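*Asks:* What follows is a structure written as structure tokens; I'll ask about it next.
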Amino acid sequence: MTQAANDVMYGSAEKAREALAFMRKRGKRDVVAGLILSLQFNRRSDEPILETLKALTGHDAHTWHLWMLWQEANGEPRPHASFAGLMLQNLSRIDKRFGVFFRSRWSKPSSMRIRMEEIVWGGVGAVTGIPSLDRPHMQPAAAADYLRDDDLVFGVEINGDT
Numbered sequence: 188m189t190q191a192a193n194d195v196m197y198g199s200a201e202k203a204r205e206a207l208a209f210m211r212k213r214g215k216r217d218v219v220a221g222l223i224l225s226l227q228f229n230r231r232s233d234e235p236i237l238e239t240l241k242a243l244t245g246h247d248a249h250t251w252h253l254w255m256l257w258q259e260a261n262g263e264p265r266p267h268a269s270f271a272g273l274m275l276q277n278l279s280r281i282d283k284r285f286g287v288f289f290r291s292r293w294s295k296p297s298s299m300r301i302r303m304e305e306i307v308w309g310g311v312g313a314v315t316g317i318p319s320l321d322r323p324h325m326q327p328a329a330a331a332d333y334l335r336d337d338d339l340v341f342g343v344e345i346n347g348d349t
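The C-terminal position of the sequence shown is numbered 349 in the working numbering, with every residue numbered one higher than the one before it.
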């Protein structure tokens, strides 16, 4: 399945057609997550991928975003075992440092709080992009000298913690 998924995402148009035909003939829905991932990054027409997704799931959607919403709402099918490697390969093409997030015990599906197929690249680098929000740097507003007087700022208070 790894080669077929790679052919859909990165192969020639002919290889992609052959891989999609193989997936439809195989008839197993474990390839759906990889196909949805392919919608985000493939450089050809989405139509053959959309047709294969519809054939495998019975669902009809026309954009990557709508398929992501469908996937979020449908915990089944679970992705093929090759999906984690496909995801890492794809993210590594963007920034090789993404690998650090997939080489620990936390990257095993049993250790994850969200499903791997719901992880989406947000458009920034892996390590030097947007900092983690689980332990954000805090500072008093007066120390935020990078703000202008007319900048909009929002804050959140939860149970007295701001």
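Where a beta carbon is used, it is the ideal one built from N, C-alpha and C, also for glycine. Please read all numbers here as calculations on a predicted model, not as lab measurements.
Return the residue from the list Gly245, Met299, Ile306, Ser269 that minimises the CA-CA distance to Phe285.
*Replies:* Closest by alpha carbon: Ile306.
*Asks:* Tell me which residue opens and which closes the alpha helix (DSSP H) that His324 is part of.
*Replies:* Unbroken run through His324: none, as it is neither H nor E.
*Asks:* Is the beta carbon of Ala260 closer than 8 Å to that of Met303?
*Replies:* No, the Cβ-Cβ distance between Met303 and Ala260 is not below 8 Å.
*Asks:* Do you know how far the Cα of Gln326 is from the Cα of Ile345?
*Replies:* Roughly 17 Å between the two C-alpha positions.
*Asks:* Within 10 angstroms of the Cβ of Pro323, are there 16 or more other Cβ atoms? Answer buried if so, exposed if not.
*Replies:* Classification for Pro323: exposed.
*Asks:* If you draw a straight line from the C-alpha of Glu201 to the C-alpha of Leu207, how long is it?
*Replies:* Distance between the alpha carbons of Glu201 and Leu207 is about 10 Å.
*Asks:* Helix, strand or coil: how does DSSP classify Ile223 here?
*Replies:* If DSSP states are grouped into helix, strand and coil, Ile223 belongs with the helices.
*Asks:* Using the Cβ count rule (16 or more neighbours within 10 Å means buried), how would you classify Gly221?
*Replies:* Buried, because 16 or more other Cβ atoms sit within 10 Å of the Cβ of Gly221.
*Asks:* Nearest by alpha-carbon distance to Leu278: which of Ser297, Trp308, His249, Ser269 is it?
*Replies:* The residue with the shortest Cα to Cα distance from Leu278 is Trp308.
*Asks:* With burial defined as no fewer than 16 other Cβ atoms inside 10 Å of the residue's Cβ, what is the status of Gln258: buried or exposed?
*Replies:* Buried, by the Cβ-count rule.
*Asks:* Since His252 is in the alpha helix (DSSP H), which residue starts that stretch and which ends it?
*Replies:* Run containing His252: 251-260, per the alpha helix (DSSP H) assignment.
*Asks:* Indicate whether Val340 and Leu334 have their beta-carbon atoms separated by less than 8 Å.
*Replies:* Yes, they are a contact pair.
*Asks:* If you follow the alpha helix (DSSP H) that Glu205 is part of, which residue opens it and which one closes it?
*Replies:* Note, Glu205: alpha helix (DSSP H), 200-213.
*Asks:* Taking Lys283 as part of the alpha helix (DSSP H), name the residues at either end of that continuous run.
*Replies:* First-last for Lys283: undefined, no H or E at that position.
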